[in-house]
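K.L.:
Attaching a single structure in C-alpha cells format; questions to follow.
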Amino acid sequence: MRVALLLVWFAAAVVGDERYREQWEADVVGARELGMSPLKVALGALVAVVAIPSKGTVVVPVGPLAIALKHARTPRGRVLVIALVSALLLLGGVALLFA
1 MRVALLLVWF AAAVVGDERY REQWEADVVG ARELGMSPLK VALGALVAVV AIPSKGTVVV
61 PVGPLAIALK HARTPRGRVL VIALVSALLL LGGVALLFA
C-alpha cells in the first residue's frame, strides 16, 4: 500500500495538480474494497500522467506566423497582411545576409 501511495504522490507531483493527488490517493485506498490491487491502480495513475496534457513549458512561436497568431482575433485579411509583410521582411533580411 505504501509503494502505491508513493507512486501516486510521484505522479501527482509530475502533473503538478493537488486535485489529482487527492483523487488518486482515495482510489488507491479504496481499491481493496472493490477487489482491485492498489499497486495496479497506482500504475494506472502513472499511465494517466502520460496522457494528461502538460501545463509546463510552452513553446513560444517565432516569426510571421507568431505575429499572425497573436492577432488572430482580428479580421483574416489583416492577419494575412501581417504574415505576408513579416515574411517579406524576413526574406529581405536573409537576402541581405548573402548580398
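Heads up: the sequence shown runs through residues 1 to 99, numbered per the working numbering.
Idealized CB from N, CA, C, for every residue including glycine.
For residue 4, which residues in the same chain have their Cβ closer than 6 Å to its Cβ, ignoring the five residues on either side in sequence?
P.N.:
Excluding residues within five positions, the ones whose Cβ falls inside 6 Å are 28, 38, 39 and 42.
K.L.:
Ordered along the chain, which non-local residues of its own chain (more than five positions away) have a Cβ less than 7 Å from that of residue 9?
P.N.:
Once the five neighbours on either side are set aside, the close Cβ partners of residue 9 are 21.
K.L.:
Of all the options 34, 14 and 97, which has the alpha carbon lying nearest to the alpha carbon of residue 47?
P.N.:
Ranking the options by Cα distance to residue 47, first place goes to 14.
K.L.:
Would you identify the three-state DSSP class for residue 82, choosing helix, strand or coil?
P.N.:
Three-state result, residue 82: helix.
K.L.:
Quick one: residues in its chain with C-beta nearer than 8 Å to the C-beta of residue 7, no 5 flanking neighbours on either side, listed in chain order?
P.N.:
Once the five neighbours on either side are set aside, the close Cβ partners of residue 7 are 39, 42, 43, 45 and 46.
K.L.:
Run the CB neighbour count on residue 26, radius 10 Å, all protein chains shown included, and call it buried at 16 or more, exposed below.
P.N.:
It is exposed - the Cβ of residue 26 has fewer than 16 other Cβ atoms within 10 Å.
K.L.:
Would you decide whether residue 57 is buried or exposed? Buried here means 16 or more other CB atoms lie within 10 Å of its CB.
P.N.:
Unreliable placement is indicated for residue 57, whose pLDDT of 49 sits below 50; the coordinate value is still reported in the next sentence. Flag for residue 57 reads exposed.
K.L.:
Using three-state DSSP, classify residue 99 as helix, strand or coil.
P.N.:
The answer is coil: DSSP assigns residue 99 none of H, G, I, E or B.
K.L.:
Who are the Cβ neighbours of residue 32 in its own chain at under 8 Å, not counting the five residues just before and after it?
P.N.:
If we look at residue 32 and ignore the five residues flanking it on each side, its Cβ neighbours are 38.
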